[in-house]
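Chains as they are written, first to last, in the working numbering: chain A, 137 to 393; chain B, 181 to 432. Every residue gets a Cβ at the ideal spot worked out from N, C-alpha and C, and that includes glycine. In what follows, a structure is listed as structure tokens, so that the remarks can point back to it.
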Amino acid sequence: MIVDVHAHVRFSFDEVDEMVKAAKRFDIEKIVVSRVHFYKEDVEGYYRNPEPEMFVEGNRMVYECMRRYPGTIFGLAFVNPLYTEESVKEIEACVKELGMVGVKLHVECLATDSHVFPIIEKCIELDVPILHHAWLRTGGKSKSMPNESTPFELAELAIRYPDATFQMAHVGGNWEVGIKAIKDLDNVYVDTCGGEPALGAVEMAVEELGAKRVLFGTDAPVRIVEAEIAKVLAADISSYEKKLILGDNARRIINLG
Amino acid sequence: MIIDSNAYLGGDPFRELKYGNIKGLLKLLDRTGIDKSIVSSMKSIYHTNHETGNLELFSKLKKYPNRFVGLACINPTFPGAIKFMHLCYSKFGFRGLKLHPNYHGYRLTDEVSLKLIEESAKLDWPVHIQMRMKDERMQHFLMQVAGTPVKDVLSVAELFPKVKFILGGTKPRELPETYKYGNVYFENSFVSGPQNIIREMVKQVGSARILFGTHMPLLYPEAALLMIRMADISEEDRKRILGENCKNIYSL
């Protein structure tokens, strides 16, 4: 069974339908989605500091997708840790009442910021993993996303909370550094999506971390499913390792029913 | 026939490449079922003297005329560039010009560049403009190179309407601006999303202006290939993109 551990819903259900259709062509049976994209009037590009009413509404859209595709789409509760109290409350509601299977943290707040700590503690209490965006950028942090965490910052958070399970998105962007930054932390997994399909990235992740800590993701519909799955299918690794990455690992750490 | 419009021979200064030599490229062709690749020299991008990389490319490719076609990677600011380009045409049998303006430190609209394009047009050569080699977010800190400006591409496309310009390493957001120029073509190695972008590109510009390109050995060639193989387009369009367009453009 193939599981896509990193996908998104954005603004339309049509896009979700297209995503599910594309996934089915590759026998991707389960897709874990979150909503991290928001717009606000007078703000250029995506709005990176969504208020509680925005992320609550976004999570309800995710829930609608779960209902639209039961057994196929699984939701993550996206929150903005800067609104700590509301975030903790929302995670509890999304997991306990809506059946979401984890939490998504994006670029609103650095992984090392103390606002994040109660979020992680709630995830430990509910026994759900955290998909945390991470990207190491050449030349330092982006002006438009100053709170985007690097793999090093995520590693600090993972050291602080050894009982939490983290999924580091995009192998940390600069994957050669990202892999090494979390290598010694058994509670950190990596997902393969995003960036260009750099030949050798999946092989290095498997060699350094072991295939059991590598998860297949697409970042769909932002990115093309074909290019993302090709990274794993084409990698110079064994069929057993591919099977782990494409689904077995996901089923071990995420409650997919 | 499947023809890859964008491959490289040689090493990357900042990362080990398992398939960077000629045997590696052949292995990638064989494992993916790609019949032929249009190849240029990676060495000629990074070395001050662009000639050595092109000489190496010639010496390696000549043993495999059915699998590889060479492009001359020329830095127009290097002394004797035009003369050397003619050598690439007459002696090496290369079939087009490859430009890396951002790595070679000039603008496409600079006089030296325009002169080179003008001369290559006399050879009836297509011009491949590489917009970038790597995602700017992930370059080595010693070599942070911004993408080639799209507006410069538009300027030369307008100045040389009869020259076919192939854009390599184009980000999806850069594409629409160039659509109105019928002499601008695109390869898909950096076309990462959204999901139906190939179908949309075909709708916007037609399949005759889209070329399959892998950017190997830096990227998994299977990524670009699967993207075209599975695209929601007609079989006729797919055939064009996978090989026929490249065959026509480079008169193979």
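What is the DSSP secondary structure of R196/A, reduced to helix, strand or coil? R196/A: helix per DSSP, three-state reduction.
Name the chain A residues that come within less than 9 Å of I377/B, Cβ to Cβ? I360
Can you tell me whether D304/B is buried or exposed, with buried defined as 16 or more other CB within 10 angstroms of its CB? In this structure D304/B is exposed. Its beta-carbon is surrounded by fewer than 16 other beta-carbon atoms within 10 angstroms.
Tell me, please, which residues DSSP counts as bridged to G275/A. Residue pairing of G275/A in beta bridges, as defined by DSSP: absent, with no partner found.
Hey, is the region 175-183 of chain A in contact with the region 260-278 of chain A, meaning 3+ C-beta pairs nearer than 8 Å? no
Would you call M137/A buried or exposed, if buried means 16 or more other Cβ atoms sit within 10 Å of its Cβ? exposed
Buried/exposed call for Y430/B, threshold 16 Cβ in 10 Å: buried
In chain B, which residues lie less than 7 Å from L369/A when you measure between Cβ atoms? E402
For A187/B, which residues from the same chain have a beta carbon less than 7 Å from its beta carbon, with the 5 sequence-adjacent residues on both sides left out? L205, S217, I218, V219, T394 and M396
In terms of residue numbering, what span does the alpha helix (DSSP H) encompassing V336/B cover? Counting along the chain, the unbroken alpha helix (DSSP H) around V336/B starts and ends at V330 to L339.
With distances taken from CA atoms, which of C426/B, L208/B, N229/B and F194/B is nearest Q324/B? With distances taken between Cα atoms, Q324/B lies closest to F194/B.
Cross-strand partners of D140/A (DSSP beta bridge): Bridge partners of D140/A according to DSSP: I167/A.
Name the DSSP bridge partner or partners of A356/A? A143/A
Using CA coordinates, which residue listed in E364/A, H251/A, I256/A and Y376/A is at the minimum distance from P401/B? Ranked by Cα distance from P401/B, the first of E364/A, H251/A, I256/A and Y376/A is E364/A.
Contact under 8 Å by Cβ, L399/B with S369/B: yes
For E416/B, count neighbouring C-beta atoms within 10 Å of its own C-beta (all shown protein chains included) and say buried if the count is 16 or more, exposed if not. exposed
From the DSSP secondary-structure annotation, give me the bridge partner or partners of E154/A. For E154/A, which the question treats as bridged, DSSP gives no partner whatsoever.
Residues, ordered as in the chain, of the region 299-328 of chain B that lie near chain A by beta-carbon distance below 8 Å: K314, D315, E316, R317, M318, Q319, H320, F321 and Q324
In three-state terms, what does DSSP make of Y205/A? Of the three classes helix, strand and coil, the one that applies to Y205/A here is coil, per DSSP.
Cα separation between E367/B and Q310/B? 10 Å
Got a sec: is the Cβ-Cβ distance from M381/B to anything in chain A below 8 Å? Chain A, which has no Cβ nearer than 8 Å to the Cβ of M381/B, makes this no.
Taking the alpha carbon of F261/B as the point to measure from, which residue in I408/B, D215/B and K278/B has its own alpha carbon closest? According to the sequence shown, residue 261/B is Ala rather than Phe. Cα-wise, what sits closest to A261/B is K278/B.
Quick check on V371/B: does DSSP put it in helix, strand or coil? In this structure, V371/B counts as coil in the three-state DSSP scheme.
Heavy atom of the ligand SAH less than 7 Å from the Cβ of V249/B, yes or no? Absent from the structure shown: the ligand SAH. Ligands present: none.
Between the region 329-360 of chain A and chain B, which residues of the former have a C-beta closer than 7 Å to a C-beta of the latter? So the close ones are G331, E332, P333, A334, L335, G336, A356, P357, V358, R359 and I360.
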